[in-house]
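Report on the following structure.
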Amino acid sequence: MKVIPASLCVRCKGGRNLCGLGYCPLLSRVELKPKLDATLTDEFFGPSTNVFVGRFGYPRVSVGPLSVIQANSTDMQVIDDPSKWFGLSYQKIIELRSLMMRSKHPENVKTSSRFTEDNKLLALAERPVEVELHFKKKPAYRMDFSDVHQPMGPSAQLRTMQIVENVKVSRTIESVTNDEMKSREAMVTLYEHNEGVYKIMSVLSSGALGMRRKLVPTRWSITAVDDTLSKELLKRVRTYASINEYRVYESEFLSNRVCVLLAPGAWEYDSFESWAPGSIWATHATRPFIIHEYEPHGGRTAYADEMGGCYYSTRLAVAEALAQERRQARCIAFREVGEQYIIPVGVWQVRENVRNAMRAHVKFATLDEALAYVQTKMRIPMEEYRKRSVILKQRKLTDF
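Here the sequence shown is numbered in the working numbering, starting from 466 and rising by one per residue.
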């Protein structure tokens, strides 16, 4: 097997084909079969909670419902809501998501057909919708893992789909999707009316938003929502007074340790991500591999190519906390991924990990004290971060 350098893997994360092989050799080694009591056949009758839009072959992509094969009433409440997954074990998350079956049917992203409209209804619905599905052949038993979207279980090519009950859509979503407004405005409106980010991602992906409506690959919709909402929040954050002390927020989940250091000053953002040897994207590395992104006070227009979706999910979680407090700050975010992170479960785990971190903090009088505390929580020497950080190289008198 060709040995791929960690410098490519930690940037690609299985989704950008930077190695040129056409597939991810690391993800292909993950062979987990869902443990299902029921025998899958070429037809299905049951609840669908969401839709999934693929990206390969764009603009002609695979579209279809995500259906729950079997789950008890407790699992049904959380199976497609990552905001409720923080603290769950690897085993429980994979067990839950192995019950999510993906149906696939090729469609052009600009197509408006009965099939795409039905899928749109599934994405907009307030609760799971009963559907009847017929497949070209019975679903294949395999798990699908990604560093961006949530894991999924069996998949099958769809022959026909029928919604077999009346679909209820919330008044807010119905109003926004019936109005002619730009996607950005629609996403912000939904968020301001307390629709969760995961619901907004689903609605955007289904092609229900925007002036020129079209399907949006699920992977892209996740980053688009994180980026759009955090930019909107940061417009407000930049108008607020600065915090007047140094703060460190921390959390750990699924062998991902995050620390967020907030310092007095106008908003700017340093973001670090490091991967330990043996973790999923640094399998062949002999030392931790660090990547870094920076955003000045006025924001950035270029995509965070080095870090990808994690950059935006972290920024959203921090922006939410600052906006709620009505303060701004300089932000340095650290994420260290340990050896036990061997299966990617999606960017949601970064978002929810940082959200959890932002619930409480420790205060310090100086930057050096705050950095010393961060060092007690992180494995990589602070000097490795210092020499890459933009913020730490422009120290101010107030930092001492």
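Glycine included, each C-beta is placed from N, C-alpha and C at the ideal position.
On a predicted model such as this, the values are computed, not experimentally measured, just so you know.
Between residue i and residue j, what straight-line distance do the alpha-carbon atoms span, to the nearest angstrom?
i, j, result
"GLU790", "SER707", "11 Å"
"GLU639", "VAL632", "12 Å"
"GLU849", "GLU595", "53 Å"
"SER854", "ILE797", "8 Å"
"VAL810", "PHE610", "6 Å"
"TYR734", "GLU591", "36 Å"
"LYS575", "VAL613", "24 Å"
"TYR663", "LYS601", "30 Å"
"GLU771", "ARG703", "25 Å"
"ARG780", "PRO593", "30 Å"
"LEU694", "VAL518", "21 Å"
"ARG494", "SER538", "The predicted position of ARG494 is uncertain, since its pLDDT is 49 and thus under 50; no value can be drawn from it."
"PHE799", "THR841", "13 Å"
"GLN814", "ILE558", "11 Å"
"ARG636", "PRO846", "51 Å"
"THR766", "VAL629", "45 Å"
"LEU727", "ARG820", "14 Å"
"ASP833", "SER739", "21 Å"
"GLU650", "GLY764", "19 Å"
"PRO524", "GLY774", "21 Å"
"ASP540", "HIS658", "26 Å"
Taking residue i and residue j to be in contact with their CB atoms under 8 Å, please state how far apart those CB atoms are, rounded to whole angstroms.
i, j, result
"MET666", "LYS647", "Their Cβ separation, rounded to whole angstroms, is 17 Å, which puts MET666 and LYS647 out of contact at 8 Å."
"ALA673", "LEU589", "6 Å"
"ARG684", "ARG520", "6 Å"
"GLN908", "ALA835", "Residue 908 lies beyond the stretch modelled for the chain, which goes from 466 to 865, so this question has no answer here."
"VAL533", "ASN584", "Wrong, their Cβ atoms sit about 16 Å apart, outside the cutoff."
"ARG844", "GLU801", "6 Å"
"GLU508", "LEU623", "No, GLU508 and LEU623 are not in contact; Cβ-Cβ is about 11 Å, not under 8 Å."
"ALA747", "PHE737", "About 15 Å separates the two Cβ atoms, so there is no contact after all."
"TYR806", "ILE756", "Not really, about 15 Å apart at Cβ, beyond 8 Å."
"ARG816", "ALA782", "6 Å"
"VAL634", "THR654", "Contact doesn't hold; Cβ gap of about 15 Å is too wide."
"ILE544", "THR514", "7 Å"
"MET565", "MET617", "5 Å"
"MET608", "SER563", "6 Å"
"GLY661", "SER548", "6 Å"
With a CB to CB cut of under 6 Å and the five nearest residues on each side skipped, what residues in its chain are close to residue i?
i, result
"ALA769", "GLU758 and TYR776"
"ASN818", "SER716, PHE718, ASN721 and VAL723"
"GLY743", "GLU804"
"TYR714", "VAL725, ALA822, MET823 and HIS826"
"LYS603", "LEU505, THR506 and ASP507"
"LEU857", "ARG851"
"HIS762", "ALA731, TRP732 and GLU733"
Which residues in the same chain as residue i place their Cβ atom closer than 8 Å to its Cβ, once the five residues preceding and following it in sequence are excluded?
i, result
"GLU710", "PRO729, LYS828, PHE829 and ALA830"
"SER578", "GLU572"
"ALA605", "PRO619, SER620 and ALA621"
"LEU862", "Its pLDDT being 46, under 50, LEU862 is placed unreliably by the model, and the measurement read from it follows with that caveat. If we look at LEU862 and ignore the five residues flanking it on each side, it has no Cβ neighbours."
Which same chain residues, not among the five before or five after residue i, have their C-beta less than 7 Å away from its C-beta?
i, result
"LEU669", "SER648, MET652, VAL681, SER686, ALA689 and VAL690"
"ARG678", "GLY672"
"GLN859", "none"
"ASP546", "TYR663"
"VAL760", "Looking at the sequence itself, residue 760 is Glu, so the reference to Val does not match. Correct list, in chain order: GLU733 and TYR734."
Runs of beta strand (DSSP E) lying entirely within the stretch 499-577, each at least 3 residues, in chain order: Within the stretch 499-577, the complete beta strand (DSSP E) runs of at least 3 residues are 508-518, 525-533 and 565-573.
In chain order, each beta strand (DSSP E) run of at least 3 residues that lies wholly inside the stretch 752-824: Here the runs fully enclosed are 754-760 and 795-802.
Touch test, the stretch 526-546 against the stretch 556-571, Cβ-Cβ under 8 Å, three pairs minimum: Short answer: they touch.
Let me know the alpha helix (DSSP H) ranges lying completely inside the stretch 676-704, each 4 residues or longer, listed in chain order. Within the stretch 676-704, the complete alpha helix (DSSP H) runs of at least 4 residues are 683-702.
4 or more residues per run - each alpha helix (DSSP H) lying fully within the stretch 604-676: Scanning the stretch 604-676 from its first residue to its last, the whole alpha helix (DSSP H) runs of 4-plus residues come out as 636-643, 648-657 and 662-670.
Give, in chain order, every unbroken run of the alpha helix (DSSP H) that is at least 4 residues long and sits entirely within the stretch 699-751. Runs found: none.
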